[in-house]
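Enquirer: Position 386 of the sequence shown, counting from 1, maps to 372 under the working numbering, and the rest follow consecutively.
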Amino acid sequence: MNTADKIKQLAKAYAPETVQVRRHIHANPELSFEEYNTASYVKQILESYGIASENMAETGLVALIKGRNPEKKTIALRADLDALPIVEANEVDYKSKNQGVMHACGHDVHTASLLGAARILQELRDEFEGTIKLVFQPGEEKFPGGASIMIKEGVLQNPSPEGIIGQHVFPLLPAGKVGFRSGMYMASADEIYITVKGKGGHAAIPEMNIDPVLISAHLIVALQQIVSRHASPKIPTVLSFGKLEAKGATNVIPNEVKIEGTFRTMNEVWRKEAHQKIKKLTESLCESMGGSCDIDIKNGYPFLQNDPELTGRARAAAELYLGEDNVVDLDLWMGAEDFAYYSQEVPACFYRLGTRNEARGITSGVHTPTFDIDETALETSIGLMAFIALQELNA
């Protein structure tokens, strides 16, 4: 029996347990950097498979599966543990027991999948050379991102992986299929906070005031020039403002207006340049209209780049394991992921796991109260991740 068939057999056998693990994690979600019970549960599962683990970043875990000649090569596999502050609307047996907290981004799937893949790889450890590093990280959903903390604490050392692989649920793609994209894939994500300051007063006598609402209106329009006239058309860039707070009234001009937005791109050099241009334009425009401002741009996650060679091999492994018809090309995605921190340090591959089932009404997007998955995707997930890891060790 070849490796793919052997893994498929094991994935089929372990899929029911993986479903139960996923449901337990889904029913007991914990917010970013509060994943104490989740980490403890994962540690117990790993121990039951004969895999020792160590805590890292307080609520994260790292573990090693050593094959023959473990020093030959190391590949890392990553999952995230945290949930979101969302009230779950699904009426299922495994509905969240923690009111206001929900696994609405599939991290329960990612964690259960890595555990299932780990069980397969642990069983096959006498049949491969090298080491598999398992990374269960906290806080993907919350700045500064658990990945950045894990990296600072040495998750990419002792042993250092030659590549890292992660996957993410994708409700736009049917269960049974996966998607890959080589090169730049997901955007950096920075938060912009601006306070436009003027001089408030009666709206009937605007000449006596410095209107921060008018300044803000001009500013929001003017800042779009950063994208339309300064960003290269070859670099995906988004500048959006989602919050504008002016606490005046129909006849009251307020003293200040607060603006919040996001800047996203896929080029780290342009990212830094854009921050400076946003600050300079904001300050100069406010001053030219008689006002002033405070501006704070918080650096979020970097952009995510899939290493072409590693991603090419992973995609080839997926086609071999699932068949070419079940492997698709992904488009650029302006969402952000803290897996990007790993991709800035070592060759990385971040691919998508299809979880959609229209016939069963499983179509909701991530970060919504009705997000769920077709759990048949878990058999695909655990088998494919194990197979990609072994193919990469042999590459």
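Ideal Cβ placement from N, Cα and C applies to all residues, glycine included.
(1) Can you pull the DSSP bridge partners for E246?
(2) Within this structure, are the beta carbons of P15 and N76 separated by less than 8 Å?
(3) For the beta strand (DSSP E) that G298 lies in, which residues bound it at each end?
(4) So what's P288 in DSSP terms, helix, strand or just coil?
(5) Exposed or buried, I245, counting other C-beta atoms within 10 Å across all chains shown (16 or more means buried)?
(6) Which whole-angstrom value describes the C-beta separation of P222 and M194, a residue pair presumed to lie in contact below a C-beta threshold of 8 Å?
(7) First and last residue of the alpha helix (DSSP H) that includes E261?
(8) What separation, rounded to the nearest whole angstrom, lies between the Cα atoms of N114 and L100?
(9) Given that a residue counts as buried once 16 or more other Cβ atoms are within 10 Å of its Cβ, and exposed if not, what is V78?
(10) So F249 and L225 are in contact, right, with Cβ under 8 Å, and what is the actual spacing, rounded?
(11) Can you tell me where the alpha helix (DSSP H) with P198 in it begins and where it stops?
(12) Return the chain-ordered list of same chain residues with a C-beta closer than 6 Å to the C-beta of P56, the five sequence neighbours on each side being excluded.
(13) Can you tell me which residues form a DSSP beta bridge with E40?
(14) Do the region 231 to 238 and the region 271 to 280 touch if we need at least three Cβ pairs shorter than 8 Å?
(15) In chain order, which continuous runs of the beta strand (DSSP E) of length 3 or greater are located wholly inside the region 100 to 177?
(16) With burial defined as no fewer than 16 other Cβ atoms inside 10 Å of the residue's Cβ, what is the status of V73: buried or exposed?
(17) Suppose the cutoff is 7 Å on Cβ atoms and the five residues either side in sequence are ignored; what does the same chain contact list for V7 look like?
(18) If I'm right that G46 touches F122 with Cβ under 8 Å, what's the distance once you round it to whole angstroms?
(19) From P147 to L379, what does the alpha carbon distance come to, in whole angstroms?
(20) Going by C-alpha to C-alpha distance, which of M42, L308 and K128 sits closest to K138?
(21) Excluding the five sequence neighbours on either side, which residues of its own chain have a C-beta within less than 7 Å of the C-beta of A303, listed in chain order?
(22) Would you say M88 and A104 are within 8 Å of each other, going by their C-beta atoms?
(23) Residue range of the beta strand (DSSP E) that V314 falls in?
(24) What are the boundary residues of the beta strand (DSSP E) that A65 is part of?
(25) Of all the options C279, F325, P333 and T366, which has the alpha carbon lying nearest to the alpha carbon of G309?
(26) Would you decide whether A(-1) is buried or exposed? Buried here means 16 or more other CB atoms lie within 10 Å of its CB.
(27) Out of N241, M136 and K284, point me to the one whose CA is closest to Q262's CA.
(28) Confirm, please, whether the CB-CB distance from F166 to A300 is below 8 Å.
(29) In the structure shown, what three-state DSSP assignment does H89 receive?
(30) Where does the unbroken beta strand (DSSP E) through Y35 begin, and where does it stop?
(31) Are the Cβ atoms of A334 and D293 separated by less than 8 Å?
(32) Checking 8 Å against the spacing of the C-beta atoms, do Y171 and W319 come in under that value?
(33) What whole-angstrom Cβ distance do T4 and I368 have, given they're in contact under 8 Å?
(34) Taking the alpha-carbon positions, what's the V141 to T60 distance?
(35) Going by the CB atoms, is the gap between E331 and F289 shorter than 8 Å?
Expert: Checking against the coordinates, here is how it stands:
(1) For the purposes of this step, residue 246 is taken as residue 260 along the sequence shown, with counting starting at 1. Looking at the DSSP assignment, E246 forms a beta bridge with Y179 and K229.
(2) Stepping through the sequence shown from its first residue, residue 15 is reached at position 29. Stepping through the sequence shown from its first residue, residue 76 is reached at position 90. No, Cβ-Cβ distance for P15 and N76 is not below 8 Å.
(3) On the sequence shown, position 312 is the one that residue 298 refers to. Premise fails: G298 lies in the alpha helix (DSSP H), P294 to L308, not in any beta strand (DSSP E).
(4) Along the sequence shown, one-based indexing puts residue 288 at 302. P288 falls in the coil class under three-state DSSP.
(5) The sequence position of residue 245 within the sequence shown is 259, counting from 1. Result: buried.
(6) Within the sequence shown, the letter at position 236 stands for residue 222. Within the sequence shown, the letter at position 208 stands for residue 194. Wrong, their Cβ atoms sit about 45 Å apart, outside the cutoff.
(7) For the purposes of this step, residue 261 is taken as the residue at position 275 of the sequence shown. The question names Glu, but residue 261 in the sequence shown is His. E254 to S274 is the span of the alpha helix (DSSP H), which, as asked, contains H261.
(8) For this step, residue 114 is matched to residue 128 along the sequence shown. For this step, residue 100 is matched to residue 114 along the sequence shown. Per the sequence presented here, residue 114 reads as Phe, with Asn not at that position. Between F114 and L100, the C-alpha separation is close to 18 Å.
(9) Along the sequence shown, read from residue 1 onward, the residue named residue 78 stands at position 92. Classification of V78: exposed, given that the 10 Å Cβ count is below 16.
(10) Taking the first residue of the sequence shown as 1, we reach residue 249 at position 263. Taking the first residue of the sequence shown as 1, we reach residue 225 at position 239. Indeed they touch by this definition, with Cβ atoms about 5 Å apart.
(11) Locating residue 198 in the sequence shown gives position 212, where the first residue counts as 1. Run containing P198: P198 to Q211, per the alpha helix (DSSP H) assignment.
(12) On the sequence shown, residue 56 is found 70 positions in, with the first residue counted as 1. Correct list, in chain order: T117.
(13) For the purposes of this step, residue 40 is taken as residue 54 along the sequence shown, with counting starting at 1. For E40, which the question treats as bridged, DSSP gives the partners V48.
(14) no
(15) 117 to 123, 149 to 160, 164 to 166 and 169 to 172
(16) Numbered from its first residue, the sequence shown carries residue 73 at position 87. Its Cβ having fewer than 16 others within 10 Å, V73 is exposed.
(17) Start at 1 with the first residue of the sequence shown, and residue 7 comes out as number 21. So the list reads I31, A98 and L101, once near-sequence residues are dropped.
(18) Start at 1 with the first residue of the sequence shown, and residue 46 comes out as number 60. Start at 1 with the first residue of the sequence shown, and residue 122 comes out as number 136. Rounded, the Cβ-Cβ distance is 6 Å, consistent with contact.
(19) Within the sequence shown, residue 147 is the residue found at index 161, counting from 1. Within the sequence shown, residue 379 is the residue found at index 393, counting from 1. Taking the straight line joining both Cα atoms gives about 10 Å.
(20) Residue numbering aside, residue 138 sits at position 152 when the sequence shown is read from its first letter. Among M42, L308 and K128, the Cα nearest to that of K138 belongs to M42.
(21) Numbered from its first residue, the sequence shown carries residue 303 at position 317. Sequence-distant Cβ neighbours of A303 in its own chain, meaning closer than 7 Å and more than five residues away, are F373, I374 and Q377.
(22) Locating residue 88 in the sequence shown gives position 102, where the first residue counts as 1. Locating residue 104 in the sequence shown gives position 118, where the first residue counts as 1. Going by C-beta atoms, M88 is not nearer than 8 Å to A104.
(23) Stepping through the sequence shown from its first residue, residue 314 is reached at position 328. That run of the beta strand (DSSP E) goes V313 to D315.
(24) Indexing the sequence shown from 1 puts residue 65 at position 79. Here the beta strand (DSSP E) through A65 covers T60 to D66.
(25) Along the sequence shown, read from residue 1 onward, the residue named residue 309 stands at position 323. Nearest Cα to G309 within the set C279, F325, P333 and T366: T366.
(26) Residue mapping note: residue -1 aligns to position 13 of the sequence shown, counting from 1. Exposed, by the Cβ-count rule.
(27) Locating residue 262 in the sequence shown gives position 276, where the first residue counts as 1. Looking at the Cα atoms, K284 is the closest of the given residues.
(28) Numbered from 1 along the sequence shown, position 314 holds the residue referred to as residue 300. Numbered from 1 along the sequence shown, position 180 holds the residue referred to as residue 166. Yes.
(29) Along the sequence shown, one-based indexing puts residue 89 at 103. It is coil, neither helix nor strand.
(30) Numbered from its first residue, the sequence shown carries residue 35 at position 49. Y35 -> no beta strand (DSSP E), and no H or E assigned at all.
(31) As a working note, residue 334 is residue 348 in the sequence shown. As a working note, residue 293 is residue 307 in the sequence shown. Result yes, Cβ atoms of A334 and D293 sit closer than 8 Å.
(32) As a first step, residue 171 is located in the sequence shown; it is residue number 185 there, counting from the start. As a first step, residue 319 is located in the sequence shown; it is residue number 333 there, counting from the start. Their beta carbons are under 8 Å apart, which means Y171 touches W319 by this criterion.
(33) Counting from one through the sequence shown, the residue named residue 4 turns up at place 18. Counting from one through the sequence shown, the residue named residue 368 turns up at place 382. Indeed they touch by this definition, with Cβ atoms about 6 Å apart.
(34) Within the sequence shown, the letter at position 155 stands for residue 141. Within the sequence shown, the letter at position 74 stands for residue 60. When rounded, the distance between both Cα atoms is 12 Å.
(35) Numbered from its first residue, the sequence shown carries residue 289 at position 303. Numbered from its first residue, the sequence shown carries residue 331 at position 345. No; because the gap between Cβ atoms is not below 8 Å, this pair is not in contact.
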